[in-house]
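Asks: Take this structure first; my questions come after.
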Amino acid sequence: MQATFCNHCFSNLAVDSRMKIFIFLKDNGPKTVSEIVKQTSLSQPTISYHLKSMSEAGLLSKQREGKEIYYKVNKDCPNNKKICMLKQMDFSN
Numbered sequence: 008m009q010a011t012f013c014n015h016c017f018s019n020l021a022v023d024s025r026m027k028i029f030i031f032l033k034d035n036g037p038k039t040v041s042e043i044v045k046q047t048s049l050s051q052p053t054i055s056y057h058l059k060s061m062s063e064a065g066l067l068s069k070q071r072e073g074k075e076i077y078y079k080v081n082k083d084c085p086n087n088k089k090i091c092m093l094k095q096m097d098f099s100n
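For any residue, its number in this note's numbering is found by taking its place in the sequence shown, counting from 1, and adding 7.
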């Protein structure tokens, strides 16, 4: 059954921009939308759109601190509560 869960996450990350955001957050820890925008060539509305999709898929979680919302990669699989295999993968070339 694990493969079914992973298919959902992998299909969400099949979008190049989402994979770039995921890798950035995985490597750098929690970041705000504006911090992610500075590290990518994407606009703020585009980043927000992708963050929403990734959050709904369970790949990311968010935490509000004052006016800022910090996004981070979920450590646990959103479907089976085990450690997410994506969190453990090395995406470097």
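We put the CB at the ideal spot given by N, CA and C, even for glycine.
Specify the secondary structure class of S48 as computed by DSSP and reduced to three states.
Replies: Taking the first residue of the sequence shown as 1, we reach residue 48 at position 41. It is coil, neither helix nor strand.
Asks: Restricting to Cα atoms, I'd like to know which of H57, Q70, K33 and E75 is closest to V22.
Replies: Your numbering for residue 22 matches position 15 in the sequence shown. The shortest C-alpha separation from V22 is found at H57.
Asks: In this structure, how does DSSP classify K82 when only helix, strand and coil are distinguished?
Replies: Taking the sequence shown and counting its residues from 1, the one referred to as residue 82 is at position 75. Three-state result, K82: coil.
Asks: For the alpha helix (DSSP H) that L32 lies in, which residues bound it at each end?
Replies: Against the sequence shown, residue 32 aligns to sequence position 25. Start and end: D23 to N35.
Asks: Per DSSP, what are the beta-bridge partners of L67 in this structure?
Replies: Position 60 of the sequence shown, counted from the start, is the residue given in the question as residue 67. Paired residues: V80.
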